[in-house]
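*Asks:* In the working numbering, the protein residues as written are 410 to 554. Backbone N, C-alpha and C fix where the C-beta goes; we use that ideal spot for every residue, glycine too. Since the structure is predicted, the reported quantities are computational estimates derived from the model, not experimental observations. I have a structure I would like to understand better, so I am pasting it below and will then ask my questions one at a time.
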């Protein structure tokens, strides 16, 4: 296979909408040829809008981006895995940028060669087992083999 000839056909293009201007242009952004996934930059949109993520006005922004993505036939998601459950749009979430891995993947030591010391994981205290929060309803706990 000629990698250079096929790379553009095998690329996933994910765009993140983080501002009020981005939400206002969500239809155009989502309809752009080559875009596969539209996600919401949750913390940035909250900061730029001035509304907390549980505010109805913020939720309306999510709905506008969600509707634009689905109308354009694209996958929709969020930067944060907290939207996998418990939100009126959770059922349509098909992509999250971050959150606990469901496959129990543990990253290797960064630039230090092999190490028996486990690197800290954001959101889970050192040595603690993940609680399953944010991993989808009914997801089995992640227990490394």
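My understanding is that residue 498 touches residue 471, with C-beta atoms under 8 Å, so please give their C-beta distance in whole angstroms.
*Replies:* 6 Å
*Asks:* Measuring alpha carbon to alpha carbon, tell me which residue in 484, 463 and 490 is nearest residue 506.
*Replies:* 490
*Asks:* Is it buried or exposed for residue 441, if we count other Cβ within 10 angstroms and need 16 for buried?
*Replies:* exposed
*Asks:* Could you give the residue range of the beta strand (DSSP E) that holds residue 432?
*Replies:* Careful: residue 432 lies outside any beta strand (DSSP E), inside the alpha helix (DSSP H) at 429–433.
*Asks:* With DSSP run on the structure shown, which of helix, strand or coil describes residue 506?
*Replies:* Residue state for residue 506 is assigned as coil, using DSSP reduced to three classes.
*Asks:* Where does residue 487 sit, in a helix, a strand or coil, going by DSSP?
*Replies:* strand
*Asks:* Roughly how many angstroms lie between the CA atoms of residue 419 and residue 445, to the nearest whole one?
*Replies:* 11 Å
*Asks:* Tell me the DSSP secondary structure of residue 468 in three-state form.
*Replies:* helix
*Asks:* Count the other CB atoms within 10 Å of the CB of residue 487; is the residue buried (16 or more) or exposed (fewer)?
*Replies:* It is buried - the Cβ of residue 487 has at least 16 other Cβ atoms within 10 Å.
*Asks:* Report the CB separation of residue 432 from residue 483 in whole angstroms; it is logged as a contact under 8 Å.
*Replies:* So it is not a contact: roughly 15 Å between Cβ atoms.
*Asks:* Hey, would you say residue 458 sits closer than 8 Å to residue 429, going by beta carbons?
*Replies:* yes
*Asks:* Given residue 412, which residues of its chain have a CB within under 7 Å of its CB, disregarding the five upstream and five downstream residues?
*Replies:* Excluding residues within five positions, none has a Cβ falling inside 7 Å.
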